[in-house]
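Chains as they are written, first to last, in the UniProt record's numbering: chain A, 1 to 333; chain B, 1 to 333; chain C, 1 to 333; chain D, 1 to 333.
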């Protein structure tokens with residue numbers, strides 16, 4: 001029996017998830033959609049799906065068994081709380097919410113409900129390369145992780161739309177979440193350093209270097225470059241006590257010609273993480289079908305919010321900005 | 001509307017495909033199964049599937065829209081002809097058939113039917129790495145392919161069950177098919193050479209070296225090693241006029257420790273080609289839903305049969321054994 | 001006509017350089033040696049070499065045309081000044097001197113002499129891999145360097161002899177010098193962070209993370225691990241505006257076996273840098289034969305001293321410690 | 001005391017060796033030179049070297065302690081025999097001689113003399129990468145070598161001067177010699193296959209595929225491409241019973257840019273093997289100083305001659321052409 005899903009928000013990412021849910025994955029169907037722009041919702045709705053006038057109507061509709069939130073960030077809090085009130089599993093794109101207070105409300109509601117319902121869209125955790133890397137670290141033969149290098153390089157960002165805050169409150173959350181997960185650790189403080197600025201034609205603070213000080217005292221050393229031009233290049237390397245483990249090159253044909261011995265790199269995040277997105281939903285469908293969620297939780301969304309906030313403070317202060325979390329509810333262990 | 005599929009043969013590979021069709025893929029359901037051992041068919045049948053007493057009953061059942069053949073090789077000919085007679089799309093595992101005469105009968109029937117119905121299970125063509133390699137060659141900037149190295153190394157083979165003929169009539173077909181496909185070429189003759197024999201505890205002619213002389217005069221240089229111990233190691237390298245293109249290493253974590261800087265290799269073909277099998281069926285489901293087939297055809301199954309026959313003659317004769325094909329029916333262009 | 005060289009200090013490194021000068025390199029002969037332990041000097045002296053009772057006697061001996069200083073660091077200042085007073089080219093092992101005041105005296109003397117005489121033993125600048133990396137950066141197609149990652153990993157350090165200051169005042173100088181050279185830049189400030197400590201059996205602050213803030217605002221991000229166990233692993237990666245350039249793996253046989261596809265890494269600095277040491281002396285011999293020096297200068301020795309001092313302050317203060325240099329004398333441009 | 005060497009032949013390779021002997025290496029001096037063109041000899045002679053009118057005069061001159069032969073191939077036989085008659089160590093560039101009969105005369109004379117005097121210029125044996133590869137094979141953990149792939153790809157060859165015989169009688173000798181050495185084996189027969197011809201603008205049989213059947217029954221599978229355009233690309237891979245060992249990529253900076261993640265490859269053999277040539281002479285100087293030779297011997301020159309002859313027969317006959325050697329004199333064990 002296919003899981004009946006309602007999708008809130010039919011912009012670029014919403015449309016991509018509708019394509020995924022209808023054409024790529026099994027065991028699921030899109031039963032309803034809505035969008036702040038109802039015309040857009042209608043044109044994005046697959047055959048047989050109801051177009052709801054509001055998120056609330058979609059969330060409470062009896063035929064909708066689980067919800068996918070792809071609206072803009074500030075709308076997430078109310079929609080998540082409504083899903084929890086309705087007891088429905090919900091997949092929520094990043095950012096989960098846009099303030100610490102909102103994150104705490106979501107956690108409080110979910111804890112009160114007593115079962116995980118919320119899954120946050122940190123798709124890297126579903127990427128096969130990151131999973132193999134985590135298996136090596138968790139295997140333990142390399143010893144404790146002491147440093148983790150996370151290099152996040154984008155070919156380009158939309159001119160005018162991408163501001164100097166966004167590396168820290170939008171891009172960094174991927175590195176923060178994957179670091180917490182790979183190292184099974186929490187962020188306790190954040191420092192930001194701003195190196196020599198790239199002159200590739202934009203008025204951005206780019207690159208930035210971020211240090212995440214972890215509870216274990218391991219240091220995560222993040223480079224965020226958002227306009228590197230040549231491709232989308234995500235690297236990760238963990239320095240452990242007895243050895244090093246790193247993400248491999250992407251599997252591209254090895255060509256030898258006048259440019260040397262070489263492998264192409266991905267053009268953008270769609271090419272790089274397309275299988276991770278598919279896998280993320282594959283596992284969510286199973287979990288939501290069982291009335292719950294898996295992978296990144298509201299706790300992880302809360303942590304990401306705190307790290308982004310601390311990073312924005314740190315770039316201004318130049319100082320080490322602490323990240324202080326509430327005690328972790330048992331639901332998230 | 002899901003495609004209703006009947007599966008003939010519920011041994012190891014049949015069970016794996018049933019799992020794939022029911023748990024991994026969308027747009028398909030297993031409506032019927034059968035096996036020479038009906039008890040095994042019953043235990044393998046998913047909920048809601050009918051167990052048919054014979055392949056013929058399954059093939060002609062109105063509810064079965066398309067067929068997957070996983071029986072043993074000698075049974076394929078009759079089952080394929082029955083599918084064609086019924087006008088039903090059919091996916092057939094390797095070997096398509098076990099003799100040239102049988103291959104010609106299948107081709108004749110399909111040509112008479114007038115539309116492709118048969119797809120043969122050469123899953124390498126659906127592997128992302130091979131596809132990227134083919135795109136580079138077809139792109140043309142490296143010039144014409146002159147030599148292709150295909151290294152086929154198995155960790156081990158079942159003791160007692162795997163004979164010295166099998167590298168040539170079972171294992172080689174993968175290299176032959178992928179070579180024809182990568183180079184867009186046909187095999188015109190086969191030579192076999194037998195190097196120094198491995199002493200890894202078995203009475204096998206292992207390794208063997210096979211030269212496939214292609215119609216273009218390109219030479220395909222195949223190494224088949226079936227008991228290499230360390231893993232399942234599939235390599236491919238194309239020497240073109242202006243450059244070289246090769247399969248990449250598999251994407252495993254790059255570990256640096258006392259064993260050096262290293263990447264694990266797959267243990268077996270399941271690990272190596274699991275995504276290729278999924279993709280093979282994904283594309284078959286779409287084609288079969290449209291009443292036809294895609295990818296490796298009966299023509300490709302015929303070519304594989306001829307190459308295996310020639311290789312067996314060549315290992316005995318030591319000579320260059322020609323491969324002579326009928327004119328290619330227009331259906332296969 | 002071979003260059004007649006006098007060697008001061010016949011400990012481990014001095015003996016290795018005597019071997020190099022007598023057995024590996026051409027155009028040079030060891031005419032004299034001395035050591036604080038004259039018996040050791042006698043046993044290390046090659047055939048035909050005079051054993052001098054003091055460094056001063058060696059430096060001023062007419063038959064000695066150029067000097068190699070391998071004594072311990074605190075003795076270097078006086079020996080360098082004596083060489084300059086004698087107008088003799090001198091190769092000096094690291095550290096050039098052990099205080100800023102001493103470095104300034106050497107610079108002052110050399111500037112007064114009016115020609116470079118001093119070459120400091122930063123051998124990485126003569127390594128073929130680093131040179132290729134610098135050619136790529138200097139080539140300019142990758143744009144300005146914005147970040148440089150320098151990873152300095154030692155298999156082990158002598159127990160009891162290696163203290164927690166040494167990563168910063170002994171090991172770091174290699175990273176600092178190669179960074180200044182690769183980026184054609186100066187260090188303007190230093191920060192140190194101390195990650196989670198390795199438990200590999202020693203009471204050391206290990207690893208340490210050092211940020212070198214360069215005059216261009218590029219940031220050099222150094223990891224120093226001195227007890228990593230698995231080998232001697234030196235990595236370098238430059239993030240530029242349009243691309244990345246990195247040191248390659250060392251050229252070891254690519255072995256595929258049960259440990260994966262792998263390449264061995266060097267055991268220690270001798271294995272890693274043996275050709276760089278040879279090349280360093282090859283170029284020094286040519287320069288000294290012409291009455292001068294090449295490569296790393298007294299200015300570079302001065303810079304290294306300042307960086308080490310700042311790093312030691314920074315590990316205590318936790319703050320950004322400035323590096324303030326005198327105006328660069330024209331002699332060093 | 002430097003070894004006094006006489007150089008016969010001052011063409012391109014002779015001039016390069018004179019440069020090497022006078023500027024790169026120690027313990028040697030060029031005491032005499034000669035050439036069929038005496039004016040060329042005079043201009044190539046370093047300061048202090050005597051120009052001899054004939055090879056015989058140079059070889060018998062009392063001041064010449066050892067000889068380097070860089071004349072054209074047909075002149076080698078008489079010059080080698082004269083060196084042996086004079087009891088002088090001699091380094092001889094490839095080909096040692098140009099016929100089996102000549103090779104046997106050299107062996108006979110050297111055996112009669114009773115000590116090795118002849119070293120043949122197969123420089124690959126002195127290359128660090130090949131040496132590491134041999135150490136892995138000889139180490140034995142991978143088991144016996146069963147197949148060896150030797151890929152010999154030249155960027156280009158001189159138009160008009162390079163004929164279709166030369167891949168087999170000139171280029172192949174490097175692959176044959178390194179195969180015999182890596183596998184500690186002899187060639188017992190040769191087959192040649194001619195794949196589809198490259199259309200890169202020349203009237204050459206290119207590429208060619210050569211099988212060297214070894215005494216152990218291992219097969220060496222050689223690809224010779226002489227006009228590949230993109231660079232000079234030498235690969236070697238040994239398939240053993242338990243694993244694979246291969247030459248690494250050359251150590252070039254790893255650049256990531258719009259062309260992918262890539263490493264440059266050498267332009268030509270000078271770039272690829274410059275250190276191997278240096279090392280070859282370094283070891284020869286030590287051996288010649290002791291009145292003998294090391295590395296590739298007259299026996300190896302004889303084997304190379306036989307393989308080239310067999311390859312030329314095999315390309316015409318299409319058959320397996322045997323290589324029959326005399327019993328190996330004890331001198332060469």
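Cβ coordinates follow ideal geometry from the N, Cα and C atoms, glycine included.
Nothing here was measured: the structure is a model prediction, and the numbers come from that model.
Nearest-angstrom Cβ-Cβ length linking residue i and residue j, presumed shorter than 8 angstroms
| i | j | result |
| --- | --- | --- |
| residue 216 (chain C) | residue 196 (chain A) | 5 angstroms |
| residue 285 (chain A) | residue 28 (chain A) | 5 angstroms |
| residue 93 (chain B) | residue 70 (chain B) | 5 angstroms |
| residue 236 (chain A) | residue 133 (chain A) | 6 angstroms |
| residue 7 (chain D) | residue 33 (chain D) | 5 angstroms |
Euclidean distance between Cα positions of residue i and residue j
| i | j | result |
| --- | --- | --- |
| residue 36 (chain C) | residue 54 (chain C) | 8 angstroms |
| residue 276 (chain C) | residue 127 (chain C) | 4 angstroms |
| residue 230 (chain A) | residue 64 (chain A) | 43 angstroms |
| residue 66 (chain C) | residue 118 (chain C) | 10 angstroms |
| residue 120 (chain A) | residue 96 (chain A) | 6 angstroms |
| residue 116 (chain A) | residue 173 (chain B) | 50 angstroms |
| residue 213 (chain D) | residue 192 (chain B) | 13 angstroms |
| residue 123 (chain A) | residue 178 (chain A) | 9 angstroms |
| residue 208 (chain C) | residue 187 (chain C) | 18 angstroms |
| residue 48 (chain D) | residue 108 (chain D) | 36 angstroms |
| residue 46 (chain D) | residue 89 (chain C) | 27 angstroms |
| residue 222 (chain C) | residue 278 (chain C) | 26 angstroms |
| residue 245 (chain C) | residue 159 (chain D) | 37 angstroms |
| residue 316 (chain B) | residue 287 (chain B) | 41 angstroms |
| residue 232 (chain C) | residue 332 (chain D) | 40 angstroms |
Simplified DSSP state of residue i, which is helix, strand or coil
| i | result |
| --- | --- |
| residue 275 (chain B) | helix |
| residue 157 (chain A) | coil |
| residue 12 (chain B) | helix |
| residue 221 (chain D) | strand |
| residue 226 (chain C) | coil |
| residue 206 (chain A) | coil |
| residue 238 (chain D) | strand |
| residue 148 (chain D) | strand |
| residue 323 (chain D) | coil |
| residue 330 (chain C) | helix |
| residue 2 (chain B) | coil |
Check each residue of the stretch 219-230 of chain C: if its Cβ is closer than 8 angstroms to any Cβ of chain A, include it; give the result in chain order. Of all residues in the stretch 219-230 of chain C, 219, 221, 223, 225, 228, 229, 230 have a Cβ within less than 8 angstroms of some Cβ in chain A.
Enumerated in chain order, which unbroken segments of the alpha helix (DSSP H) with a length of 4 residues or greater are wholly contained in the stretch 163-202 of chain D? Runs of the alpha helix (DSSP H) lying entirely within the stretch 163-202 of chain D and spanning at least 4 residues, in chain order: 172-183.
Please identify, using Cβ separations under 8 angstroms, the residues of the UniProt domain "GFO/IDH/MocA-like oxidoreductase" (130-244) of chain B that lie next to chain C, in order along the chain. Residues 229, 230, 231, 233.
Taking only runs of the alpha helix (DSSP H) that begin and end inside the stretch 31-59 of chain A, which ones reach a length of at least 4 residues, in chain order? Annotation note: the stretch 31-59 of chain A contains the following uninterrupted alpha helix (DSSP H) runs of length 4 or greater, listed N- to C-terminal: 38-44.
What ranges does the beta strand (DSSP E) occupy inside the stretch 64-139 of chain C, keeping only unbroken runs of at least 3 residues that lie completely in it? Listed in chain order, the complete beta strand (DSSP E) runs (minimum 3 residues) inside the stretch 64-139 of chain C are 66-69, 90-92, 118-120.
Of the residues that make up the stretch 262-295 of chain D, which ones have a beta carbon closer than 9 angstroms to any beta carbon in chain A? Taking 9 angstroms as the Cβ-Cβ cut-off against chain A, the residues of the stretch 262-295 of chain D that qualify are 262, 263, 264, 265.
Alpha helix (DSSP H) runs contained entirely in the stretch 253-310 of chain B, provided each spans 4 or more residues: Complete alpha helix (DSSP H) runs here, min 4: 269-289.
In the stretch 24-38 of chain C, which residues sit with their C-beta less than 9 angstroms from some C-beta in chain D, listed in chain order? Within the stretch 24-38 of chain C, the residues whose Cβ lies closer than 9 angstroms to some Cβ of chain D are 24, 25, 26, 27, 28, listed in chain order.
Which residues, in chain order, does the stretch 299-326 of chain B contribute to contact with chain A at a C-beta distance below 9 angstroms? Taking 9 angstroms as the Cβ-Cβ cut-off against chain A, none of the residues of the stretch 299-326 of chain B qualify.
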